[in-house]
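Counting along the sequence shown from 1, when you hit position 233 you're at 718 in the numbering used here, and nothing is skipped either side. Structure record follows, encoded as structure tokens.
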Amino acid sequence: MLDLCGMELHPVRALGPTAWNELSAWLLQRAGSYTSYHILVDSTTHECVLPRFMAEIEGLADAHILEVEPGEASKDLALVEQLALGLRDEGADRRALLIALGGGVVCDLAGLLATLYLRGIDLVLVPTSLLAMVDAAWGGKNGVDSEGTKNLLGTWRPEAPVFADVRALETLPDREWRQGWAELLKQAWIAGGGLWQTASTADWTQSALLMAEAAQVKLEVVAQDPFERGTRRALLNMGHTVGHAVESLALEARGTTGHGDAVALGLSVESRVLDALGRPGATDRDLLRRRLEADFDFAEFRGLDSRDVWARMQHDKKRLGGQLRLVWCPQPGEAEQVEVLTEAAFIQAWTTDALR
Ligand SMILES: NC(=O)c1ccc[n+]([C@@H]2O[C@H](COP(=O)([O-])OP(=O)(O)OC[C@H]3O[C@@H](n4cnc5c(N)ncnc54)[C@H](O)[C@@H]3O)[C@@H](O)[C@H]2O)c1
Ligand SMILES: [Zn+2]
Numbered sequence: 486m487l488d489l490c491g492m493e494l495h496p497v498r499a500l501g502p503t504a505w506n507e508l509s510a511w512l513l514q515r516a517g518s519y520t521s522y523h524i525l526v527d528s529t530t531h532e533c534v535l536p537r538f539m540a541e542i543e544g545l546a547d548a549h550i551l552e553v554e555p556g557e558a559s560k561d562l563a564l565v566e567q568l569a570l571g572l573r574d575e576g577a578d579r580r581a582l583l584i585a586l587g588g589g590v591v592c593d594l595a596g597l598l599a600t601l602y603l604r605g606i607d608l609v610l611v612p613t614s615l616l617a618m619v620d621a622a623w624g625g626k627n628g629v630d631s632e633g634t635k636n637l638l639g640t641w642r643p644e645a646p647v648f649a650d651v652r653a654l655e656t657l658p659d660r661e662w663r664q665g666w667a668e669l670l671k672q673a674w675i676a677g678g679g680l681w682q683t684a685s686t687a688d689w690t691q692s693a694l695l696m697a698e699a700a701q702v703k704l705e706v707v708a709q710d711p712f713e714r715g716t717r718r719a720l721l722n723m724g725h726t727v728g729h730a731v732e733s734l735a736l737e738a739r740g741t742t743g744h745g746d747a748v749a750l751g752l753s754v755e756s757r758v759l760d761a762l763g764r765p766g767a768t769d770r771d772l773l774r775r776r777l778e779a780d781f782d783f784a785e786f787r788g789l790d791s792r793d794v795w796a797r798m799q800h801d802k803k804r805l806g807g808q809l810r811l812v813w814c815p816q817p818g819e820a821e822q823v824e825v826l827t828e829a830a831f832i833q834a835w836t837t838d839a840l841r
């Protein structure tokens, strides 16, 4: 039971090939509850997903469309205000419904917009990228970035219904599949058992088959530690201490990078820290690295200097009492352990990684 002290986590949710039918039924049940409907898309999901979505979902014929540019740069507070003015101009009142139709960027942006607009309107998330279906749409968090710090400002909407329909992935480019595959591998490692066995021997082309199970892992971890008081929830951050730092440096250098590519490198480097500390499970961690090296190309991060990465890691939100901590299951499906990450251990792990 996913119950957060009386507040249920995504009490309405559907995952799989009929999720959009369930959204249609959900909207039909609420016909008359909403005064207007607004769909947030980026220009790519506008073109690739919205036409089919509008054709399939009943009750949205009069919906207003709000569009942003694709990419991380759209997670911006000034844009949230612009979108709020757009909602106002479309006549949205407190009984308006905002639907996010897009990847993690659109879901994060819509979540914050729906919380701030008139102090909160109803929100529905319809993730369309693998990364959003496996990870970003679940757990209720949203946010925008500021001056290179990811998700500096954000809120929490754990009650938002989520409808993740794998058919939306038909137009997803290979590069974007891989971004979600990194998070899927991370969640399969946390789950261990059959999910890890399948994921570690499959490759990213199998992701759609594993999406629902991987998403369920995130839901369970969030439910086990909803307010992040313990260390369980921090497991979802495996690979992200290093990953966020390389992502933000690569974004600064080239203006573009993949979150999943950065997380894949982060998983690989962080797993070597556990090796250096002599934690059991080195064979499994080696298997994880071989999977990552087969599916991801770390070339874009090759020019990064380990000292710059270390310096950027000091911005990590999970830093506690001046120390960087890694929360990891040393082996698939095991209980989490907290490791202190020292500069020496990081540099050693970085220099032995595949990007050398
Ligand atoms: N809130 C959370 O808990 C949470 C968790 C993980 C990640 N995130 C956030 O999610 C974001 C990354 O998500 P993402 O990888 O989905 O990025 P994204 O939203 O930028 O989508 C990636 C690209 O795929 C395109 N796309 C999406 N669906 C498509 C489809 N069906 N067909 C064709 N193209 C499609 C988008 O237009 C975009 O160009 C990051 O900002 C990250 O911080 C949030
Ligand atoms: Zn992530």
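Glycine is no exception: its CB is placed at the ideal position from the N, C-alpha and C atoms. Being a predicted model, the structure only gives us computed values, none of them experimental.
For Ile584 and Val758, the rounded distance between their alpha carbons: Here the C-alpha atom of Val758 lies approximately 41 Å from the C-alpha atom of Ile584.
Contact set, ligand 2 heavy atom to C-beta under 6 Å: Going by the Cβ distance cut-off, the answer is Asp620, Glu668, His725, His744, Val748.
To the nearest angstrom, report how far apart Arg714 and Ala546 are at their CA atoms. Near 44 Å, if we compare the C-alpha coordinates of Ala546 and Arg714.
DSSP on Met486, reduced to helix/strand/coil? Because the pLDDT of Met486 is 43, which lies under 50, any placement of that residue in the model is unreliable, and the question is left without a value.
Based on DSSP bridge pairs, tell me the residues matched to Trp795. For Trp795, no pairing in a beta bridge is given by DSSP.
Measuring alpha carbon to alpha carbon, tell me which of Ala738, Leu615, Leu562, Glu575 ends up nearest Leu601. Among Ala738, Leu615, Leu562, Glu575, the Cα nearest to that of Leu601 belongs to Leu562.
Just verifying my parser: in three-state terms, what is the DSSP assignment at Lys671? In the structure shown, Lys671 sits in a helix (DSSP, three-state: H, G or I).
My guess is that Pro817 and Gly679 are in contact by the Cβ rule of under 8 Å, so how many angstroms apart are they, rounded? Contact doesn't hold; Cβ gap of about 11 Å is too wide.
Is Ile832 helix, strand or coil when you go by DSSP? Three-state DSSP puts Ile832 in a helix.
For a minimum of 4 consecutive residues, which ranges assigned as the alpha helix (DSSP H) are wholly contained in the stretch 578 to 629? Within the stretch 578 to 629, the complete alpha helix (DSSP H) runs of at least 4 residues fall at 589 to 601.
Any non-hydrogen atom of ligand 1 closer than 7 Å to Val842 Cβ: What the structure shows of the chain is the stretch from 486 to 841, and residue 842 is not part of that stretch, so it cannot be assessed.
Would you give the residue range spanned by the alpha helix (DSSP H) that Ser756 belongs to? Per DSSP, Ser756 is one residue of the alpha helix (DSSP H) stretching across 744 to 761.
Meets three-Cβ-pair contact criterion under 8 Å: the stretch 522 to 529 and the stretch 548 to 557: The stretch 522 to 529 makes contact with the stretch 548 to 557: 3 or more CB pairs, one atom from each, lie closer than 8 Å.
Whole runs of the alpha helix (DSSP H) within the stretch 516 to 576, excluding any shorter than 4 residues: Listed in chain order, the complete alpha helix (DSSP H) runs (minimum 4 residues) inside the stretch 516 to 576 are 528 to 533, 535 to 541, 562 to 574.
The beta strand (DSSP E) spanning Thr768 covers which residue range? Premise fails: Thr768 lies in the alpha helix (DSSP H), 767 to 780, not in any beta strand (DSSP E).
Cut-off 7 Å between Cβ atoms - residues of its own chain near Arg579, not counting five sequence neighbours on either side: Cβ neighbours of Arg579 within its own chain (closer than 7 Å, five residues either side excluded): Leu603, Ile606.
Cα-Cα separation between Ala510 and Glu705, rounded to whole angstroms: Rounded to whole angstroms, Ala510 and Glu705 show a C-alpha spacing of 26 Å.
Measure the C-alpha to C-alpha separation of Val611 and Cys533 and round it to an integer number of angstroms. Separation of Val611 and Cys533 (C-alpha to C-alpha, rounded to the nearest whole angstrom) is 14 Å.
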